[in-house]
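Have a look at the structure below, then the notes.
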Amino acid sequence: MRAWFDLTNSPHVLVLRPLIRALQEDGHEVSVTARDFAQTVALCERFGIDCDVIGRHRGARLGAKAIGLADRSFELYKYARKKHFDIAIGHGSNDISVAAKLLRVPAATMFDYEWAKVQHNVNCRLCAAVVVPEAIPPERLYPYGAKGKLQRYEGLKEEYYLSDFEPDPAVLDELSLDPSQPIAVVRTPPSVSLYHRFENDLFADVLLTLREQAQTVVLPRVDAQRAELARTGGFIVPEQAIDAQSLIAYSDLVVSAGGTMNREAVALGTPVFTTFEGRLGAVDERLIAENRLHQLTSAAAISITKRTPGITQDRTRRNPRDLLALALAPLAPR
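Going by numbering that gives the first Met the number 0, the residue at position 34 of the sequence shown is 33; the numbering climbs one at a time, nothing skipped.
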């Protein structure tokens with residue numbers, strides 16, 4: 000079998016890595032394309048994933064996104080048209096869904112946040128399988144064209160791709176962190192600018208509060224955020240892709256405006272706050288109800304308690320081959 004994976008953002012490397020490896024271990028031919036955005040390419044290098052870099056992020060404006068989708072989808076079409084792939088798999092990648100449809104290659108899409116309406120209207124309609132956590136009510140996905148295509152899995156996607164993970168203390172030396180002192184990890188919001196609303200921005204207040212309480216490692220998404228953090232000072236900002244999962248495991252608190260890092264902290268047993276200001280998805284709704292994830296509405300609520308360094312709580316480990324089986328569902332009738 001010839002399988003094609005497309006990686007368009009940093010978390011996708013983590014999610015799809017064990018699926019890529021499983022297929023390779025089984026003797027299948029696997030090709031990987033990656034978009035030059037955030038730490039996607041750097042993480043591919045770190046995990047030894049051989050990828051062809053195609054395209055870049057075009058910005059947050061809807062028009063730019065539309066142009067980017069058209070351009071990169073066509074580039075992927077040209078890349079794949081003579082490769083005769085049997086299956087195409089992406090995690091929220093519209094580009095591979097469009098290219099695969101043009102090539103008549105059966106495709107599977109994966110995601111765990113249901114309110115990205117534009118993205119899901121493309122992927123769910125074009126793909127033959129929609130792989131999602133069972134926490135998401137199916138009726139939330141039917142308007143996107145997912146009815147009859149859903150392949151649902153138990154738990155968090157992070158419990159699958161972290162199944163073989165054990166924390167490595169080398170990341171502490173790499174970042175010059177003292178494990179005897181409190182450590183906080185912060186993931187910036189998706190927006191490019193952090194400090195244009197510095198006076199009244201919750202996330203900015205969180206950064207200032209953490210800077211006074213702990214060794215604070217900030218993981219920016221884009222170079223503009225990195226530059227603003229450097230101007231503010233007082234934070235540890237890695238210059239390259241790091242072992243973020245080990246850092247989370249050795250940390251005392253995680254604060255993130257995104258989703259994947261929050262759920263990694265949940266999976267690894269590290270206390271975690273979300274500052275996400277959009278509409279909560281079903282996965283986070285459940286985690287908050289179970290008191291495994293906490294919503295932060297004021298920086299004053301932050302209080303860091305030093306945990307035993309390097310010790311993670313017992314956690315659920317799930318077999319990533321179960322996810323792979325769901326993603327390969329379009330091939331089942333064959």
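Idealized CB from N, CA, C, for every residue including glycine.
No experiment lies behind these values; they were computed from the predicted model shown.
Between which two residues does the beta strand (DSSP E) containing residue i stretch?
i      : result
Tyr152 : Leu149 to Tyr152
Ala281 : Taken as a continuous stretch (DSSP letters only), Ala281 belongs to no beta strand (DSSP E), being part of the alpha helix (DSSP H) at Ala281 to Ala288.
Pro137 : Neither: Pro137 is in no beta strand (DSSP E) and is coded neither H nor E.
Leu252 : Leu252 to Ser255
Val271 : Val271 to Thr273
Asp222 : No beta strand (DSSP E) contains Asp222, which is instead part of the alpha helix (DSSP H) from Asp222 to Thr231.
Asp35  : Glu28 to Asp35
Ile235 : Note, Ile235: premise wrong, no beta strand (DSSP E); not H, not E.
His83  : Element bounds for His83: n/a, residue is neither H nor E.
Ala21  : Taken as a continuous stretch (DSSP letters only), Ala21 belongs to no beta strand (DSSP E), being part of the alpha helix (DSSP H) at Ser9 to Glu24.
Ala243 : Segment Ala243 to Ala248 is the alpha helix (DSSP H) holding Ala243; no beta strand (DSSP E) there.
Which two residues bound the contiguous alpha helix (DSSP H) that contains residue i?
i      : result
Asp204 : Leu201 to Gln212
Pro319 : Pro319 to Ala326
Leu6   : Where Leu6 is concerned, there is no enclosing alpha helix (DSSP H), although the beta strand (DSSP E) it sits in stretches over Arg1 to Leu6.
Val40  : Thr39 to Arg45
Ile301 : Looking at the DSSP string, Ile301 is not in any alpha helix (DSSP H), and its letter there is neither H nor E.
Val402 : A question about residue 402 goes unanswered here, because the residues of the chain that appear run from 0 up to 333.
Ala99  : Asn93 to Leu102
Thr259 : Thr259 to Leu267
My guess is that residue i and residue j are in contact by the Cβ rule of under 8 Å, so how many angstroms apart are they, rounded?
i      : j      : result
Glu157 : Arg262 : 5 Å
Val184 : Val253 : 5 Å
Arg45  : Ala240 : 5 Å
Pro329 : Pro17  : Not a contact, Cβ separation roughly 20 Å.
Ala79  : Ala98  : 6 Å
Glu74  : Gly47  : Their Cβ separation, rounded to whole angstroms, is 24 Å, which puts Glu74 and Gly47 out of contact at 8 Å.
Val221 : Ala37  : 7 Å
Relative to the C-alpha of residue i, which residue among the options is closest?
i      : options                           : result
Val3   : Asp35, Leu42, Gly89 and Pro219    : The amino acid at residue 3 is misidentified as Val; the sequence shows Trp. With distances taken between Cα atoms, Trp3 lies closest to Gly89.
Pro219 : Leu207, Ala213, Glu211 and Ile235 : Ile235
Ser9   : Leu22, Glu28, Cys43 and Asp25     : Cys43
Arg306 : Phe73, Asp177 and Ala203          : Asp177
Ala326 : Asp167, Lys148, Arg71 and Cys50   : Lys148
Val205 : Ser297, Gln244 and Asp172         : Ser297
Leu201 : Ala328, Ile301, Arg80 and Ala98   : Ile301
Tyr160 : Ile19, Ala331, Arg1 and Ser179    : Ile19
Leu322 : Pro168, Phe164, Ala203 and Leu155 : Leu155
Asp111 : Asp94, Glu133 and Val117          : Glu133
Ala68  : Asp94, Asp49 and Leu15            : Going by the sequence as given, residue 68 is Leu instead of Ala. The candidate whose alpha carbon is nearest that of Leu68 is Asp94.
Arg210 : Thr231, Arg225, Gln224 and Ala223 : Thr231
Arg317 : Pro188, Ser162, Pro166 and Leu295 : Ser162
If you drop the 5 nearest sequence neighbours on each side, which residues of the same chain put their C-beta closer than 8 Å to that of residue i?
i      : result
Glu113 : His119, Val131, Ile135, Arg139, Leu140, Gly280 and Ala281
Val366 : Residue 366 lies beyond the range of the chain shown here (0 to 333); nothing can be said about it.
Leu174 : Val216, Ile235, Pro237, Ile241 and Leu246
Ala299 : Thr208
Gln150 : Ala107, Ala128, Val129, Val130, Val131, Leu325, Ala326 and Ala328
Arg60  : Interpretation of Arg60 is limited by its pLDDT of 49, a score under 50 that renders its predicted location unreliable; the figure taken from the coordinates is listed afterwards. Correct list: empty, nothing qualifies.
His27  : Met0, Arg1 and Ala2
Leaving out five residues before and five after residue i in sequence, what residues of the same chain have Cβ atoms less than 7 Å from its Cβ?
i      : result
Leu292 : Asn261, Val265, Val271, Thr273, Asp283 and Leu286
Ser96  : Gly89, Ala106, Thr108, Val121, Asn122, Leu125 and Cys126
Ile303 : Pro181, Ala183, Gln212, Ala213, Asp251 and Leu252
Phe164 : Gln244
Arg278 : Trp114
Asp172 : none
Asp49  : Val31
Ser72  : Asp94, Val97 and Ala98
Looking only at its chain, what residues have a beta carbon closer than 6 Å to the beta carbon of residue i, apart from the 5 residues adjacent to it on each side?
i      : result
Gly257 : Arg186
Ser255 : Arg186 and Asn261
Ser92  : Asp5 and Thr7
Ser30  : Trp3
Phe84  : Arg1, Trp3 and Val104
Val14  : His90, Lys156 and Tyr160
Could you check whether the Cβ of residue i sits closer than 8 Å to any Cβ belonging to chain C?
i      : result
Leu209 : The chain inventory of the structure shown lacks chain C, comprising one protein chain alone.
At a cut of 8 Å, does the stretch 271-279 reach the stretch 89-109 through at least three beta carbon pairs? The stretch 271-279 is not in contact with the stretch 89-109.
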